[in-house]
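Residue numbers for the sequence shown follow this note's numbering, beginning at 371 and rising by one.
C-beta atoms are modelled at their ideal positions from N, C-alpha and C, and glycine is treated no differently.
Predicted, not measured: the structure shown is a model, and the values here were computed from it.
To start, the structure under review is shown below, and the notes come after it.
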Amino acid sequence: MNNGINYAGQEFKPLDKPNKIYPFAVINSFAKNPKTLIKKMIKKIDHGAVGIISQPVYSIEQAKTLLKLFEIAKRESNSKLQKTQLIIGYFPITKFKTAKFLASHVPGINVPKCWIEELRTASKDGTEKEFEVGFELSKELFNDLKKLHPKLHIMTANN
Numbered sequence: 371m372n373n374g375i376n377y378a379g380q381e382f383k384p385l386d387k388p389n390k391i392y393p394f395a396v397i398n399s400f401a402k403n404p405k406t407l408i409k410k411m412i413k414k415i416d417h418g419a420v421g422i423i424s425q426p427v428y429s430i431e432q433a434k435t436l437l438k439l440f441e442i443a444k445r446e447s448n449s450k451l452q453k454t455q456l457i458i459g460y461f462p463i464t465k466f467k468t469a470k471f472l473a474s475h476v477p478g479i480n481v482p483k484c485w486i487e488e489l490r491t492a493s494k495d496g497t498e499k500e501f502e503v504g505f506e507l508s509k510e511l512f513n514d515l516k517k518l519h520p521k522l523h524i525m526t527a528n529n
C-alpha cells in the first residue's frame, strides 16, 4: 500500500491514496528460551518493522534482558537499515485478580511472584489497600523503566 498499489495490483487513484503506513510488530516480553525471542525479533526486523512493541514487562531485570536480546537480534539481522526500535510494554496492575490472570493465562508475560503475593495480601485488607499496593508497585516500575529505556507503550484496562 505504501507503494500506491492495492492488493489486486492496481494503482490507487490520486484521491484514494492512503497515508504512509508504518509497520510495527509485537513480541513476547518473556520466554523460557531467549533464543526463541531473538529469532522472532530478527524475523520482524528483517521484514521491516519500524518498531517492536513488547508485551508488558514487570521487572527491571526482565526489561534489561529484553533490551540485550534486541541488540543481539539487530546485530544478527540481515536488514541493512537497522531502523527498528524496541518499545517496552507497560500495563499497570492494581488488582490481585489481574496479576493472577496475566501470570497464569497470558503466554509471554511473567508477573513476579512477589507482586502476586503483595497483591494477594493487600486484597485481604480491602479493595482500597489492594489498589494502593498495586499502584505503588506499578508506579515504581514505570519510573525505573523510564530511566532505563524511554520508549514505552502504556496499556490500560479501561482506566
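Just to confirm before moving on: does the CB-CB distance between I430 and L515 stay below 8 Å? yes
Quickly, what does DSSP pair Y392 with across the bridge? List them, please. None, per the DSSP bridge assignment.
Under 7 Å Cβ to Cβ from F394, same chain only, skipping five residues before and after it: list those, please. A419, V420, G421, I423
Straight-line Cα distance separating S449 from I391: 19 Å
Three-way DSSP call (helix, strand, coil) for S449 in this model: coil
Tell whether a beta-carbon distance below 8 Å holds between G504 and L522. no
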